[in-house]
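Q:
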Amino acid sequence: MRIGECTDIGRMRTTNEDSYFSYLNENLVGGMVADGMGGHNAGEVASRMTAMIVKDTIIQKFNPDLNYIDCGEMIRRAFVEANAEIYEYARHHKEAEGMGTTASLGFVYKNKLITVHVGDSRVYTVTDSEIKQITTDHSYVQELLRRGTITPDDAKTHPQKNIITRAIGTEPDIKVDVNIKDYNGEIVFICSDGLSNLVSDEQIFEVINKNDDLQTAMVKLVELANKKGGNDNITCLAFDLKEEEIGV
0 MRIGECTDIG RMRTTNEDSY FSYLNENLVG GMVADGMGGH NAGEVASRMT AMIVKDTIIQ
60 KFNPDLNYID CGEMIRRAFV EANAEIYEYA RHHKEAEGMG TTASLGFVYK NKLITVHVGD
120 SRVYTVTDSE IKQITTDHSY VQELLRRGTI TPDDAKTHPQ KNIITRAIGT EPDIKVDVNI
180 KDYNGEIVFI CSDGLSNLVS DEQIFEVINK NDDLQTAMVK LVELANKKGG NDNITCLAFD
240 LKEEEIGV
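Take the sequence shown: its position 211, counting from 1, is numbered 210 in numbering that gives the first Met the number 0, and each next residue is one higher.
(1) Once you ignore the five residues that flank residue 169 on each side, which residues in its own chain have a CB closer than 6 Å to its CB?
(2) DSSP state of residue 116, grouped into three classes?
(3) Taking only runs that begin and end inside the region 121 to 188, name each unbroken alpha helix (DSSP H) of 4 or more residues, in chain order.
(4) Report the CB separation of residue 52 from residue 80 in whole angstroms; it is logged as a contact under 8 Å.
(5) Are the region 46 to 65 and the region 130 to 137 in contact at 8 Å, needing three or more beta carbon pairs?
(6) May I have a chain-ordered list of the alpha helix (DSSP H) segments no shorter than 4 residues that lie completely inside the region 37 to 61?
(7) Name, in chain order, the residues that DSSP records as bridge partners for residue 6.
(8) Along the beta strand (DSSP E) that carries residue 105, what are the first and last residues, could you check?
(9) In chain order, what residues of the same chain have a beta carbon less than 8 Å from the beta carbon of residue 43, not counting five sequence neighbours either side?
(10) Nearest by alpha-carbon distance to residue 104: which of 177, 215, 244 and 218 is it?
(11) Which residue from 187, 205, 208 and 224 puts its Cα closest to that of residue 238?
(12) Does DSSP put residue 97 in a helix, in a strand, or in coil?
(13) With which residues is residue 1 paired in a DSSP beta bridge?
(14) Opposite residue 67 in the DSSP bridges: which residues?
(15) Can you name the residues that DSSP bridges to residue 18?
(16) I need the straight-line Cα distance from residue 208 to residue 224, nearest angstrom please.
(17) Under the rule that 16 or more other beta-carbon atoms within 10 Å means buried, what is residue 4, buried or exposed?
(18) Confirm, please, whether the CB-CB distance from residue 109 to residue 67 is below 8 Å.
(19) Residues in its own chain within less than 7 Å of residue 50 by CB, not counting five upstream and five downstream?
(20) Helix, strand or coil for residue 23, going by three-state DSSP, please let me know.
As structure tokens, this is what we get:
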């Protein structure tokens with residue numbers, strides 16, 4: 000098994016409102032990235048609360064007798080719990096009004112890749128031949144793409160590409176996307192939009208495949224995002240499992 004992770008404040012922000020965690024045991028391996036938003040450091044609070052709630056849920060409620068569908072449901076419910084707690088926090092703290100966060104999680108369990116996400120932080124899989132985005136952004140630009148109003152090239156430079164249509168904590172109820180697919184030893188890569196808005200999928204693919212050490216690859220990707228402007232907080236993590244480590 001290999002893992003790498005890196006976060007950076009970037010070159011334009013005064014605080015880092017991204018949060019992340021990785022989790023490793025003999026049955027479950029993965030991590031999550033959350034990208035907070037809101038004034039007066041409220042985004043930092045929202046992303047940190049979400050990361051803490053989701054990680055604590057996994058620690059307290061996971062057991063290896065769960066099937067992979069129930070494991071995904073356990074994590075989905077943790078996202079819903081985080082949404083409720085952040086929404087209530089904002090209601091009682093005026094300075095936190097409008098606070099929220101994205102959250103994108105990827106875990107390998109029983110030879111399945113489970114992804115759970117809200118917002119536009121992304122989960123990819125990377126092999127030596129391709130990179131594939133697994134999550135679908137909950138964003139205004141993604142909606143324009145779905146309708147065919149703009150092209151993928153338009154989306155890369157669209158002036159409203161940072162507008163998200165779904166976030167944890169901004170509404171009393173939240174729809175959480177869960178996806179389960181076969182895991183075949185790919186590298187799982189998770190990042191905030193501070194990276195994906197500046198570093199292309201092709202560049203992510205190239206950096207990861209040029210560096211056997213995933214920690215080195217993550218640091219280089221953050222450095223590349225900063226070289227390209229670093230206009231947001233930047234967070235990424237990646238992991239993979241060898242064939243003999245993949246549970247059945």
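Where is the CB? At the ideal position from N, CA and C, for every residue including glycine.
Small disclaimer: the values here were computed from a predicted structure and weren't measured.
A: Based on what the coordinates show:
(1) 99
(2) strand
(3) 139 to 146 and 151 to 156
(4) With 8 Å as the limit, residue 52 and residue 80 qualify as a contact, their Cβ atoms being about 6 Å apart.
(5) With a cut-off of 8 Å, the region 130 to 137 and the region 46 to 65 do not count as touching, because too few Cβ pairs lie within range.
(6) 41 to 60
(7) 234
(8) 102 to 108
(9) 14, 15, 16, 18 and 35
(10) 177
(11) Out of 187, 205, 208 and 224, 187 has the C-alpha closest to the C-alpha of residue 238.
(12) coil
(13) Answer is 239.
(14) Beta-bridge pairing links residue 67 to no other residue.
(15) 33
(16) 17 Å
(17) buried
(18) yes
(19) Leaving aside the five residues that flank residue 50 on each side, the residues in its chain whose CB is nearer than 7 Å to its CB run, in chain order, 18, 19, 20, 31 and 33.
(20) strand
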